[in-house]
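Working notes, structure below.
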Amino acid sequence: MIKPQLIPAIRLRTLTSTSPVVTVPLLSPRRYATHHQPSSSKSESEPKRRSVTPFNDTGSVPWSSLSVLEKGARASQQTFNFGLVILGLTLTSGVLYVLYTEVFSPSSRTAYFNRAVDRIKTDARLIELLGDGKKIEAFGEETGNKWRRARPIASSEVTDRNGVEHMYISFNLKGPRGTGKAYVHLFKPVGGRQYEYKYFYVDVKGHQRIYLENAEAAAALAAKERSKTEGFKFLGIRW
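Following full-length UniProt numbering, the numbering of the sequence shown begins with 1 at its first residue and continues without gaps.
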């Protein structure tokens with residue numbers, strides 16, 4: 001900073017003039033050192049940032065600028081967020097697994113129910129008793145809900161003491177000509193990949209039971225046919 005200062009006046013005298021002496025003041029610049037404000041006091045004058053906690057951390061404050069407690073708060077928040085992501089992935093995987101096993105899998109109860117209904121709608125014997133196959137409806141047990149779609153299909157899965165898996169499905173039928181009820185029993189042998197029919201039949205009131213699948217009857221018929229082909233065997237000799 002420059003501050004003007006008066007210095008002693010210089011007398012100017014002209015030899016040829018008889019005029020009085022004129023005194024002219026002169027200005028001399030003098031420099032003064034400028035004092036800079038220390039960085040510590042400058043930082044103190046700046047507004048202080050809000051303390052970082054697990055609830056208000058946005059990640060805008062660099063890691064190197066955090067205190068020990070603030071670093072712990074950020075680490076806790078990131079750990080919590082990571083846990084939420086893992087939980088979300090786990091729940092999503094569980095939902096997808098249930099949807100696949102219960103709905104989309106070829107071995108699901110829904111898949112076997114749909115196949116059974118399709119067979120009923122194309123069976124000539126049942127069309128004769130229930131009416132047009134396209135108008136035959138299949139639904140679950142009666143509930144307090146008036147909507148037919150809300151009636152659950154009765155089904156269960158059990159494993160017997162021999163390790164054979166069994167699936168039981170039953171549902172109601174309604175057609176233009178009458179009503180009935182379908183029963184399905186499937187089993188999966190030990191080490192097997194697909195279920196097989198043990199029986200599949202429909203009961204219509206006032207009519208004889210109609211079998212669409214009957215493993216026991218089929219096995220008995222196959223044994224009978226085989227015995228006819230092999231002929232009569234006595235004393236180890238086939239006659």
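No residue lacks a Cβ here, since even glycine has one placed at the ideal position from N, Cα and C.
Source: prediction; values computed, not measured.
Three-state secondary structure (DSSP) of residue i
{"i": "Y183", "result": "strand"}
{"i": "K71", "result": "helix"}
{"i": "V61", "result": "coil"}
{"i": "D118", "result": "helix"}
{"i": "T159", "result": "strand"}
{"i": "S93", "result": "helix"}
{"i": "L212", "result": "strand"}
{"i": "Y195", "result": "coil"}
{"i": "K224", "result": "helix"}
{"i": "R109", "result": "helix"}
{"i": "G131", "result": "coil"}
{"i": "L66", "result": "coil"}
{"i": "S51", "result": "coil"}
{"i": "L15", "result": "The pLDDT assigned to L15 is 47, lower than 50, so where the model puts this residue is not dependable, and the model offers no usable value."}
Rounded separation between residue i and residue j - CA only
{"i": "S156", "j": "I127", "result": "28 Å"}
{"i": "F171", "j": "Y197", "result": "16 Å"}
{"i": "Y60", "j": "F82", "result": "Note on residue identity: the sequence assigns Ser, not Tyr, to residue 60. The straight-line gap from Cα to Cα measures roughly 19 Å."}
{"i": "N162", "j": "E213", "result": "23 Å"}
{"i": "N159", "j": "K188", "result": "Position check: residue 159 holds Thr in this sequence, whereas Asn was assumed. In a straight line, the C-alpha of T159 is about 9 Å away from that of K188."}
{"i": "L129", "j": "A111", "result": "25 Å"}
{"i": "R177", "j": "D123", "result": "15 Å"}
{"i": "T92", "j": "L84", "result": "12 Å"}
{"i": "V68", "j": "L87", "result": "29 Å"}
{"i": "A218", "j": "G131", "result": "28 Å"}
{"i": "R49", "j": "E70", "result": "12 Å"}
{"i": "Y195", "j": "E216", "result": "16 Å"}
{"i": "K224", "j": "I169", "result": "30 Å"}
{"i": "T90", "j": "R109", "result": "24 Å"}
{"i": "R125", "j": "G94", "result": "42 Å"}
{"i": "S227", "j": "Y199", "result": "24 Å"}
{"i": "L96", "j": "G192", "result": "24 Å"}
{"i": "K205", "j": "A220", "result": "28 Å"}
{"i": "A222", "j": "F113", "result": "27 Å"}
Opposing strand residues paired with residue i [DSSP bridges]
{"i": "D123", "result": "According to DSSP, which records beta bridges pairwise, D123 is partnered with nothing at all."}
{"i": "V204", "result": "G180"}
{"i": "N56", "result": "Beta-bridge pairing links N56 to no other residue."}
{"i": "A138", "result": "L173"}
{"i": "E165", "result": "T159 and K188"}
{"i": "A154", "result": "S170"}
Cutoff 8 Å; reference residue i; Cβ partners in own chain excluding five residues on either side
{"i": "P54", "result": "A73, R74, S76, Q77 and F80"}
{"i": "V164", "result": "F187, K188, P189 and V190"}
{"i": "W63", "result": "K71 and R74"}
Cβ neighbours of residue i in the same chain (closer than 7 Å, five flanking residues each side left out)
{"i": "L66", "result": "V52 and R74"}
{"i": "D203", "result": "G180, K181 and R209"}
{"i": "D57", "result": "A73, R74 and Q77"}
{"i": "E141", "result": "R151, P152 and A154"}
{"i": "H207", "result": "L129"}
{"i": "G133", "result": "K121, T122 and I127"}
Proximal residues to residue i (C-beta, below 6 Å), its chain only, five neighbours per side dropped
{"i": "Y211", "result": "Y201"}
{"i": "H166", "result": "V158 and F187"}
- Message: Whether or not the region 160–177 and the region 132–143 are in contact is what I'm after, with contact meaning three or more pairs of Cβ atoms, one per stretch, closer than 8 Å; do they touch?
- Response: yes
- Item | Cβ pair count under 8 Å reaching 3, the region 109–124 against the region 180–189 | yes
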